[in-house]
Amino acid sequence: MPGLVRELRLRAGPALRLEQRAAGGEGSVVWDAALVLAKFLERGAPPLPRSRVLELGAGTGAVGIMAAALGANVTLTDLEELQELLAVNIEMNRHLVTGSIQAKVLKWGEDVSEFQPPPDYILMADCIYYEESLEPLLKTLKDLTGPETCVLCCYEQRTMGKNPEIERRYLELLQVDFELEKIPLDKHDEEYRSADIHILNIHRKPTSFPS
Ligand SMILES: C[S@@+](CC[C@H](N)C(=O)[O-])C[C@H]1O[C@@H](n2cnc3c(N)ncnc32)[C@H](O)[C@@H]1O
3 MPGLVRELRL RAGPALRLEQ RAAGGEGSVV WDAALVLAKF LERGAPPLPR
53 SRVLELGAGT GAVGIMAAAL GANVTLTDLE ELQELLAVNI EMNRHLVTGS
103 IQAKVLKWGE DVSEFQPPPD YILMADCIYY EESLEPLLKT LKDLTGPETC
153 VLCCYEQRTM GKNPEIERRY LELLQVDFEL EKIPLDKHDE EYRSADIHIL
203 NIHRKPTSFP S
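Have a look at this one:
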């Protein structure tokens, strides 16, 4: 059944159109972190044209579709149950894509050999929200990244329940093998920014590769 369509206007004029599903899981709506990361990409700081981009936990595909509209060659990934929605959203926006785009199943922690060689960018929006996923997610990040891969991870800082502890644990585990730098708020999109939504620029520590 078709759901509510969310529009995200591009600076160039037209809008990305993203179908959402009322009766899906977390991935079937566009989260604020996805809007913040997509509009950050549009500012052009990471040079996306012709780059290889992989999005983890893509949900509706908002971030990766923006990257493809900006000229990147993008693979959106998520669980099997999100593939149909991703296919719908790719088709709705195909006319805006100036790079290329496809969607594939990737469950965190599982084999990533089909996604090699390491992409130039890995994009993640609102993927840090439950404890059991942290170690598989970090394994996937480690398996997918090469020395030149830039991971842009956007997340909303939540204060309720277990969220602060999940965030603390994620950052602790992440820093074993990765260096991270917070992108200052004044570098985010002027409209799509919020003090509680952070973008991290993450790279593998050179010492974390087997010698
Ligand atoms: C909160 S949603 C965010 C969706 C989208 N990135 C956004 O910000 O609008 C989290 C996404 O992570 C995906 N996800 C959760 N656990 C996963 C796992 N173990 N492997 C792969 N994807 C997973 C969900 O299916 C969902 O699409």
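When we follow our numbering, the leftmost residue of the sequence shown carries the number 3, and every step to the right adds one. For every residue, glycine included, the Cβ atom is placed at its ideal position computed from N, Cα and C.
Could you check if residue i belongs to the surroundings of ligand 1, using beta carbon to heavy atom distance under 6 Å?
i	result
V32	yes
L84	yes
C129	yes
K141	no
S196	no
S135	yes
D233	The requested residue 233 does not occur in the structure, where the chain is confined to residues 3 to 213.
G163	no
A69	no
K109	yes
G63	no
The alpha helix (DSSP H) spanning residue i covers which residue range?
i	result
K144	L136 to L146
F42	D34 to E44
V107	Unbroken run through V107 is the beta strand (DSSP E), S102 to V107; no alpha helix (DSSP H).
L87	Q85 to N95
V7	No alpha helix (DSSP H) holds V7; the beta strand (DSSP E) holding it covers V7 to R11.
A71	A64 to A71
For residue i, which beta-bridge partners are listed by DSSP?
i	result
V178	For V178, which the question treats as bridged, DSSP gives no partner whatsoever.
T151	Partner(s): none; T151 has no beta bridge.
L78	E57 and A105
H200	Y157
H190	According to DSSP, which records beta bridges pairwise, H190 is partnered with nothing at all.
R206	F180
The beta strand (DSSP E) spanning residue i covers which residue range?
i	result
E21	A17 to E21
A127	Y123 to A127
How many whole angstroms separate the CB atoms of residue i and residue j, which I take to be in contact at a CB cut-off of 8 Å?
i	j	result
L12	V55	Not quite, the Cβ-Cβ distance comes to about 17 Å (not below 8 Å), so this is no contact.
E133	K164	7 Å
L43	A60	Not confirmed; about 14 Å, so no contact.
P186	T151	P186 to T151, Cβ: 22 Å. No contact.
P48	Y123	6 Å
E21	V31	Not really, about 10 Å apart at Cβ, beyond 8 Å.
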